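In what follows, a single structure is set out as structure tokens and then discussed.
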Amino acid sequence: MIRGVYPVIQMPLDVDENIDSEVLAKEIDWLLGEGSVGIVLAMVSEVLRFSHDERREQWQLTLKLLAGRAPLVASVGAESTAIAVRLAKFAEIDGAAALMATPPTSFPATEDEIYNYYRSIIDSVKIPVIVQDASNYMGQPLSISLYEKLLSEYGNKRVQFKPEAKPVKDRMQELQNVAQGQALVFEGQSGLDLIDTHPLGLFGTMPGADIIWAIVKLWNVLEAGEIDRAQKIHACVARLVGYQINLDAYVAVEKYLLVKQGIFTSTKQRGPVIFKLDEKQKAEIDQIFAELKALCS
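Shown next as structure tokens:
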């Protein structure tokens, strides 16, 4: 894996809520053509609403469509260590370049239990495991001491991080402090924290797929040190992210924008959901989208 932008793909669904493989192929081709250096299956890919067998089918189809053009990061987080380890082993066998795992979220667990959960996943495979703290919208924040213990035991080639608990910048700085700047870290949340965390030695960002061209542009101008331009793009991105108030809202907004751009043919989500866009919100998103397009041209 190389530094850069790794979008989390949206999962196009047909009328029966099965994966639409033709649309998925179009999405992947578009993402790679816009400058993505890898592809991720994770929370906004609706993995929580797919069975464990279907999750394997998701990454097997994605790997087939990628055809070796870019690495795939597969999400294997689950509500039990046994299921997560099983998914991890299958993902490695099937050809994933790396894994990403959220901790269990249905029931609180002690830090020792979460530490052993991650150790079990890491020990079960030889490819890197990205520890994802998705507590901005689900679960409880992971402690910096947990990150430190995992990094000390496995090193930054085996364990990497996607810390999304707030305040993201402060916690990422704490992580790099205990890691002596050696942690390999990914930013998430659709680029919302990218401008603040890029100076902290980010390895990459894992935004949604909907405005990939804007996030690639933002990453590239930050890499080039063009801070003024980065701030303008980021301000527009942040306005869009403002509509993504929970996990269902992330999916709804991203699928709406993928349809708007002719990549998807449907905004269908697996339900039940807690959020749906209304016409007023769609009009506001359309206006911000047009402004963002102009900024990135």
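Using this note's numbering, the final residue of the sequence shown is 308, and nothing's skipped along the way. We put the CB at the ideal spot given by N, CA and C, even for glycine. Keep in mind it's a predicted model, so treat the numbers as computed, not measured.
Would you be able to state if there are at least three C-beta pairs under 8 Å between the stretch 48 to 59 and the stretch 15 to 25?
Yes, they touch.
Through-space distance from V34 to K266, alpha-carbon basis:
Put simply, the backbone Cα of K266 is about 12 Å away from that of V34.
If you draw a straight line from the C-alpha of H63 to the C-alpha of E28, how long is it?
Approximately 16 Å between the Cα atoms of the pair.
So for Q143, helix, strand or coil by DSSP?
If DSSP states are grouped into helix, strand and coil, Q143 belongs with the strands.
Tell me the rounded alpha-carbon separation between E159 and Q184.
Cα to Cα, the separation comes out at about 13 Å.
Alpha helix (DSSP H) segment containing S255, residue limits
At residue 255 the sequence reads Gln, which differs from the Ser that was named. Run containing Q255: none; DSSP gives neither H nor E here.
Can you tell me the Cα-Cα spacing of V264 and D144, whole angstroms?
If I take the Cα positions, the gap works out to 22 Å.
Specify the secondary structure class of L153 as computed by DSSP and reduced to three states.
DSSP places L153 in the coil class of the three-state scheme, outside both helix and strand.
So V51 packs on V16, CB below 8 Å; how close in whole Å?
Actually they do not touch by this definition, with Cβ atoms about 10 Å apart.
9 Å Cβ cutoff, I223 in contact with chain C
Any reference to chain C falls outside this structure, which holds one protein chain only.
Alpha-carbon spacing of A120 relative to R240, whole angstroms
Rounded to the nearest angstrom, the gap between the Cα atoms of A120 and R240 is 43 Å.
Going by DSSP, name the residue or residues bridged to I50.
Looking at the DSSP output, I50 bridges to L83.
Chain-order list of residues whose beta-carbon lies under 8 Å from that of F275 (same chain, five-residue window excluded)
Cβ neighbours of F275 beyond the five flanking positions: Q21, P23, V34, E38, K266 and L269.
Any chance the stretch 230 to 246 sits against the stretch 168 to 187, with 3 or more Cβ pairs inside 8 Å?
The stretch 230 to 246, when compared against the stretch 168 to 187, does not touch it at the 8 Å Cβ threshold.
Cβ-based neighbour list, Q280, same chain, cut-off 6 Å, excluding 5 preceding and 5 following
Excluding positions up to five away in sequence, the list reads V262.
Could you pull the start and end residues of the alpha helix (DSSP H) that A112 belongs to?
Per DSSP, A112 belongs to no alpha helix (DSSP H); it is in the beta strand (DSSP E), A109 to A112.
So does the stretch 39 to 46 actually touch the stretch 242 to 250, counting three or more Cβ pairs closer than 8 Å?
Cβ pair count under 8 Å is below three, so no.
When the Cα of E103 is compared with those of F118, A89, E122 and L83, which residue comes out closest?
Check the Cα spacing between E103 and each of F118, A89, E122 and L83: the tightest is with L83.
Nearest residue (CA-CA) to I141, options Y126, R169 and I299
For the residues Y126, R169 and I299, the minimum Cα distance to I141 belongs to R169.
Integer-rounded CB distance, given that P218 should sit under 8 Å from I206
Beta-carbon to beta-carbon, I206 and P218 are separated by about 13 Å, too far to satisfy the 8 Å threshold.
Between the Cα of Y254 and the Cα atoms of L59, I299, T73 and A78, which residue gives the shortest distance?
Residue I299 is the option with its Cα nearest to Y254.
Report back the beta-carbon spacing between L288 and I222 to the nearest angstrom; my notes put them in contact at under 8 Å.
Contact check for L288 and I222: beta-carbon distance about 16 Å, past the 8 Å limit, so the pair fails to qualify.
Does DSSP put Q171 in a helix, in a strand, or in coil?
Here Q171 sits in strand by DSSP.
Span separating the alpha-carbon of E175 from that of R14:
Approximately 19 Å, taken between the alpha carbons.
Taking buried to mean at least 16 other C-beta atoms within 10 Å of its own C-beta, is G215 buried or exposed?
The residue is buried, with at least 16 neighbouring Cβ atoms inside 10 Å.
Got a sec, what are the start and stop residues for the alpha helix (DSSP H) S131 sits in?
For S131, the enclosing alpha helix (DSSP H) starts and ends at E122 to D134.
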